[in-house]
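Worksheet: the structure to be examined is printed underneath.
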Amino acid sequence: MLFKQFLLSALLAPLASIQPLSLAATTTDHVFLGFDSLHKQILSTHDCVKDFDGGAGQTLLCGYELYNLMTSSNSARNTLANLDSVPADQVFTYLSHYHDIRTSIKEILNTASSKTDHLDSAGLKAFTTIILRGFAKERATYETLSKQKLPVDNHTELAGPVEDLGNEFEKALAGFL
């Protein structure tokens, strides 16, 4: 019996020291990788929306891109949520990533607004409205998390080149209602 306990302890001891990835400390490097992945997916989705012509093939492709965008956004948001705070020496880099994403989102919203007729003819107007509302909520969550993670002195810098992304979502939604 003692031998079994010793053998079991010897086999399980190395496993006990393994820390799951989700429990590992989140660093700004993890957040920046998530932001880079999210930004690439936004650009890929934007390309699909630009080329959207209302056809079935294009609809499926853009649906796939939107799904990937949602999963990428969810992953980046969860990584950001797990970050304790942005160190002072990383604030500029954080804001640079954040502003790049916001600028790309504004561009994709403008492009989507110009495709209202194609989306309507494909029967996707209501679906687009639902997606836009979901991403508008996601935007608000990112803004809240950013305010929690950044020093208070930097909160005014969150708007950056896109003064009010919430208004951009509202303008885009108005075109689909």
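FYI, in mature numbering (1 follows the signal peptide of the UniProt record, and there is no 0) the residues of the sequence shown are -18 to -1, 1 to 159. Glycine included, C-beta positions come from ideal geometry on N, C-alpha and C.
Do the CB positions of residue i and residue j come within less than 8 Å of each other?
i	j	result
aspartate 35	histidine 100	yes
phenylalanine 158	threonine 98	yes
threonine 41	alanine 94	no
leucine 155	leucine 106	no
glutamate 139	leucine 65	no
isoleucine 90	histidine 28	yes
serine 26	tyrosine 80	no
leucine 126	glutamine 72	One point to set straight first is that residue 126 is threonine, not leucine, in the sequence displayed. Their beta carbons are not under 8 Å apart, which means threonine 126 does not touch glutamine 72 by this criterion.
Just to confirm my understanding: we take residue i, look at its own chain, exclude 5 residues before and 5 after, and list those with CB closer than 7 Å. What are they?
i	result
isoleucine 83	Phe17, Leu20, His21 and Ile24
threonine 61	Thr8, His12, Val13 and Gly16
serine 86	His21, Ile24, Leu25 and His28
serine 96	none
Using the Cα positions of residue i and residue j, report the straight-line distance between them to the nearest angstrom.
i	j	result
lysine 88	valine 144	7 Å
lysine 131	leucine 43	35 Å
proline 69	glycine 39	45 Å
threonine 75	phenylalanine 109	35 Å
glycine 45	glycine 116	15 Å
lysine 153	tyrosine 124	20 Å
glutamate 47	cysteine 30	7 Å
aspartate 135	alanine 63	20 Å
alanine 122	tyrosine 49	19 Å
proline 133	glycine 148	22 Å
Hey, quick one: how far does the alpha helix (DSSP H) through residue i stretch, first residue to last?
i	result
aspartate 18	10 to 33
valine 134	Element bounds for valine 134: n/a, residue is neither H nor E.
valine 73	73 to 96
glutamate 150	147 to 156
serine 54	38 to 64
Going by beta carbon distance, what residues of the same chain come within less than 8 Å of residue i, once the five residues before and after it are set aside?
i	result
aspartate 102	none
alanine 58	Val13, Gly16, Phe17, Ser19 and Leu20
lysine 32	Thr93
Quick one: what's got a C-beta closer than 6 Å to residue i's C-beta in the same chain, skipping five residues either side?
i	result
glutamate 120	Ser55
alanine 141	none
methionine 52	none
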